[in-house]
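Read through the structure below, which is laid out as structure tokens, and then see the notes.
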Amino acid sequence: MAEFTMPSLGADMDEGTLLEWLVSPGDLVHKGDPVAVVETAKSTIEVECFETGTMTELLVEPGTTVPVGTPLALIGPAEEQHPARHAPEKGRPSERAWLPKSPELPSPPPEPTPVPVSAPPAAPPRGHIEAGPLVRHLAETSGLDLETLHGSGPGGRVTRTDVEQAAAARATAQPPRVRATPLARRLAAELGVDLATVKGTGRKEAVRAADVRHAAPGPSAPPTPAGAAAVRPSAVRPPAAHPSEDRAAAMRQAIAGLMSRANREIPHYYLSTTVDMTAAMDRLHEHNRTSTVGERLLPAALLLKAAALAAREVPEFNGFWTDDHFTAGDGVHLGVAISLRGGGLVAPALHHADTLTLPQLMTALKDLVTRARTGRLRGSEISDATITVTNLGDQGVETVFGVIYPPQVALVGFGRVVDRPYAVDGLLGVRPVVTATLSADHRATDGAVGARYLTVVSRLLQNPERL
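Heads up: the sequence shown runs through residues 1 to 467, numbered per UniProt numbering.
Following this line, the structure appears as structure tokens:
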């Protein structure tokens, strides 16, 4: 019998709040499956299971804050049979145990016999849609298909007004989507509760499973769970100590503690170099000229790929300093510093970033940023980074020297790509350049190794066909 414990999702995490379970006792889970949603001081994270087996018992109730390492559930062998699995067949046993009893539903009416109808004639293809790049971009960001729009411009050309009117009509026709957790939606469907009528008490007023249970008909308090589905009273702790309004303060405290530790314990040294980006930007522009808006690359993709390949070539920076020695990472998992809209930052990992093509890396980066800012990161993304990159070029900064995220041993910084006077082969010209920096742990490496790393980064960016 294995224990599924509250994981450490970063060196700055001492405790976490279990928001909800994504599984129930009796469910078969595989290694890597998301099984719970945990809130830390920095973000809301889906936590994956560490091994394959059968979820036999949930030890902690949603809404409880527990220290890192606290057992949250018990996992048995996959083939083991448990009484909880033979409880009522309809629905999940434990989840049912937490739910108020609902009256039996009447038998569904017989489905009407389908009447064969002739298929409507297929609409003739419209062919190429006339629309400018700005209109195509606006339609894509609005989630509209240009082929479904009527163009009011010359020759049927779709105009910006056509897109804006279609987006406004769709927004009027569709009711706003209710913010709710996946478990809350599932419970609402089972109990016949309209989510639009439920007042949410979660983050940003999101509807939680407990809100649905209270709104469901019948007794407001769930019955006491029994048997294998029960939550151990001794394992339950008081509700979360951090109310939502203190989330920003908690994040600042977490960052302050971690960065203070980094500056106190890690002997940093800093290096920088200026990289000629002429070849890299030429390749970027050539790619973007023949790509759709969604397929275009940003300079950040080139910089991240160069940092990842350099970490593979100079592995002394790709790993962790623990117990007074360096341990290499099991792959290049590039941490990306992402600023959050409400303040603060997180640095989730792009797994095996050195093996991704530039389009794949760009897609993964956009997905990671979106999920980081909407609180949908996974536990492995928070805890697996082996080296972190911070890029403040989009903020106008030309040089950034970062603080290492312990127990990692290096942090790479990139500034804005700017046009500067730059001499090549004795000839002075104006070229796009970027300042690349390295903050490194002197316990793990020396300056000569750091210089080699930056040299590799520079060489790759000046030979972008190798990225």
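Just so it is clear, CB atoms sit at the ideal spot from N, CA and C, and this is done for glycine as well. Just so you know, these numbers come straight off a predicted model, no measurement behind them.
Would residue i be called buried (16 or more neighbouring beta carbons within 10 Å of its own) or exposed?
i              : result
leucine 345    : exposed
glycine 26     : buried
valine 424     : exposed
arginine 289   : exposed
glutamate 465  : exposed
proline 62     : buried
valine 212     : buried
asparagine 263 : exposed
glutamate 104  : With a pLDDT of 45 at glutamate 104, under the threshold of 50, the predicted position of this residue should be treated as unreliable, and no value is reported.
aspartate 194  : exposed
leucine 427    : exposed
threonine 395  : It is glutamine, not threonine, that sits at residue 395 in the sequence shown. Exposed: under 16 other Cβ atoms inside 10 Å.
asparagine 463 : exposed
proline 299    : buried
serine 260     : exposed
alanine 184    : buried
glutamate 381  : buried
Are the beta-carbon atoms of residue i and residue j separated by less than 9 Å?
i             : j             : result
valine 29     : isoleucine 75 : yes
alanine 301   : leucine 340   : no
threonine 390 : glycine 402   : yes
valine 68     : methionine 1  : no
alanine 440   : leucine 467   : no
alanine 188   : valine 207    : yes
leucine 361   : leucine 284   : no
valine 178    : glycine 192   : no
leucine 461   : alanine 279   : yes
arginine 420  : aspartate 354 : no
glutamate 140 : glycine 32    : no
Below 8 Å on the Cβ atoms is my contact criterion, and I expect residue i with residue j to pass it. Report the Cβ-Cβ distance as a whole number of Å.
i             : j           : result
glutamine 253 : alanine 11  : Contact flag wrong, Cβ pair sits at about 14 Å.
valine 38     : leucine 22  : Between leucine 22 and valine 38 the Cβ distance is about 11 Å, and since that is not below 8 Å, they are no contact.
isoleucine 45 : glycine 379 : 5 Å
Restricting to Cα atoms, I'd like to know which of the options is closest to residue i.
i             : options                        : result
aspartate 367 : Thr390, Asn391, Val336         : Val336
leucine 19    : Leu428, Leu72, Glu51           : Leu72
valine 66     : Glu15, Arg378, Thr445, Val37   : Glu15
glutamate 316 : Ala307, Asp323, Thr327         : Thr327
alanine 349   : Thr355, Leu427, Gly342, Val332 : Val332
threonine 370 : Met13, Glu39, Ser43, Gly32     : Ser43
leucine 59    : Ser24, Ala78, Gly53, Glu51     : Ser24
threonine 445 : Asp324, Leu334, Glu3, Asp276   : Asp324
glycine 151   : Ser142, Asp162, Gly143, Leu144 : Asp162
glycine 415   : Trp321, Ala168, Asp276         : Asp276
residue 481   : Ser380, Leu309, Asp330         : This structure cannot speak to residue 481, because the chain is shown only from 1 to 467.
threonine 70  : Lys31, Phe4, Thr54, Ala78      : Phe4
proline 406   : Val418, Met251, Ser383         : Ser383
glycine 413   : Glu398, Tyr422, Asp419, Arg420 : Glu398
threonine 292 : Ser260, Pro359, Ala167, Gly319 : Pro359
alanine 180   : Val430, Ala196, Thr52          : Ala196
valine 400    : Trp321, Glu51, Val417          : Val417
ask   = Would you call the segment 425 to 441 and the segment 272 to 290 touching, i.e. three or more CB-CB distances under 8 Å?
value = The segment 425 to 441, when compared against the segment 272 to 290, does touch it at the 8 Å Cβ threshold.
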